[in-house]
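Chains as they are written, first to last, in the working numbering: chain A, 970 to 1082; chain B, 3 to 114.
The following block contains the structure:
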């Protein structure tokens, strides 16, 4: 069974702090690692994604760090804001053979004012 | 562009009833997906399609059926609804595999 394990389940961070969410995968054939953000009552939306040819990707306050040897990747949210309060899902897939995304179970982030 | 649309937004079914959840996209995407989301369990893939006329099972297909007669539409059929099918259902589409998936707003289904 292809799995993506995500931690923590929930996270409370003060405004201006750094939020860190971690994911680990088992299948070494995975080569696409997106993060999705979901607000209550809405569908998930792509936040940022990385492929294993780089170890880090940054978009504004959001950064993905990727460690291929450890089979881990993480999302860092710098200067966390109350508007970042949402559920975050990591996912992974292979770029071949009609591969589909395998999602982690999600992290509920609350940024306190 | 409307993106991915889903109907209905909410539905209450009695055990044993059947219904179809509708999904449509106007982005000319080849790939379409159905997920269910249960609290604390993430998103589980029910069925997916890589093009009109082609569908395949995901992780949790039991109790569901799909069809893909056009590029735009991907309905999900529930036969003989059971309380275990109480969930939020999301439809998504993408241009190809390992590309951004665009999600609809979801359908909240309760089976009593």
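The beta-carbon is built from N, C-alpha and C at its ideal position, and this holds for glycine as well. As the structure is a computational prediction, the values presented were derived from the model and not from experiment.
Cα-Cα separation, residue i to residue j
{"i": "residue 47 of chain B", "j": "residue 983 of chain A", "result": "34 Å"}
{"i": "residue 1072 of chain A", "j": "residue 44 of chain B", "result": "6 Å"}
{"i": "residue 95 of chain B", "j": "residue 1070 of chain A", "result": "12 Å"}
{"i": "residue 80 of chain B", "j": "residue 105 of chain B", "result": "20 Å"}
{"i": "residue 86 of chain B", "j": "residue 22 of chain B", "result": "17 Å"}
{"i": "residue 69 of chain B", "j": "residue 26 of chain B", "result": "12 Å"}
{"i": "residue 39 of chain B", "j": "residue 91 of chain B", "result": "6 Å"}
{"i": "residue 1049 of chain A", "j": "residue 1038 of chain A", "result": "29 Å"}
{"i": "residue 109 of chain B", "j": "residue 987 of chain A", "result": "33 Å"}
{"i": "residue 15 of chain B", "j": "residue 82 of chain B", "result": "10 Å"}
{"i": "residue 1056 of chain A", "j": "residue 1078 of chain A", "result": "6 Å"}
{"i": "residue 66 of chain B", "j": "residue 19 of chain B", "result": "13 Å"}
{"i": "residue 1010 of chain A", "j": "residue 11 of chain B", "result": "10 Å"}
{"i": "residue 5 of chain B", "j": "residue 1015 of chain A", "result": "14 Å"}
Residue i classed as buried or exposed, judged by whether at least 16 other C-beta atoms fall within 10 angstroms
{"i": "residue 114 of chain B", "result": "exposed"}
{"i": "residue 1019 of chain A", "result": "buried"}
{"i": "residue 1023 of chain A", "result": "exposed"}
{"i": "residue 978 of chain A", "result": "exposed"}
{"i": "residue 1058 of chain A", "result": "buried"}
{"i": "residue 1075 of chain A", "result": "buried"}
{"i": "residue 1046 of chain A", "result": "buried"}
{"i": "residue 1082 of chain A", "result": "exposed"}
{"i": "residue 972 of chain A", "result": "exposed"}
Endpoints, beta strand (DSSP E) assigned at residue i
{"i": "residue 1025 of chain A", "result": "1025 to 1028"}
{"i": "residue 1045 of chain A", "result": "1041 to 1046"}
{"i": "residue 1058 of chain A", "result": "1055 to 1061"}
{"i": "residue 88 of chain B", "result": "Here residue 88 of chain B belongs to no beta strand (DSSP E), and DSSP marks it neither H nor E."}
{"i": "residue 1018 of chain A", "result": "1014 to 1019"}
{"i": "residue 1036 of chain A", "result": "1031 to 1036"}
{"i": "residue 27 of chain B", "result": "21 to 27"}
Residues bridged to residue i [DSSP beta-bridge criterion]
{"i": "residue 994 of chain A", "result": "A:973"}
{"i": "residue 59 of chain B", "result": "B:49"}
{"i": "residue 54 of chain B", "result": "Note: residue 54 of chain B sits in no beta bridge, so no partner."}
{"i": "residue 109 of chain B", "result": "B:91"}
{"i": "residue 33 of chain B", "result": "B:96"}
Closer than 8 Å to chain A by CB, residue i
{"i": "residue 24 of chain B", "result": "no"}
{"i": "residue 50 of chain B", "result": "yes"}
{"i": "residue 114 of chain B", "result": "no"}
{"i": "residue 27 of chain B", "result": "no"}
{"i": "residue 34 of chain B", "result": "no"}
{"i": "residue 12 of chain B", "result": "no"}
{"i": "residue 21 of chain B", "result": "no"}
{"i": "residue 53 of chain B", "result": "no"}
{"i": "residue 78 of chain B", "result": "no"}
{"i": "residue 82 of chain B", "result": "no"}
{"i": "residue 107 of chain B", "result": "yes"}
{"i": "residue 74 of chain B", "result": "no"}
{"i": "residue 87 of chain B", "result": "no"}
{"i": "residue 15 of chain B", "result": "no"}
{"i": "residue 60 of chain B", "result": "yes"}
Proximity test, Cβ basis, 8 Å: residue i and chain B
{"i": "residue 1073 of chain A", "result": "yes"}
{"i": "residue 993 of chain A", "result": "no"}
{"i": "residue 1001 of chain A", "result": "yes"}
{"i": "residue 1032 of chain A", "result": "no"}
{"i": "residue 1057 of chain A", "result": "no"}
{"i": "residue 972 of chain A", "result": "no"}
{"i": "residue 978 of chain A", "result": "yes"}
{"i": "residue 1054 of chain A", "result": "no"}
{"i": "residue 1014 of chain A", "result": "yes"}
{"i": "residue 1076 of chain A", "result": "no"}
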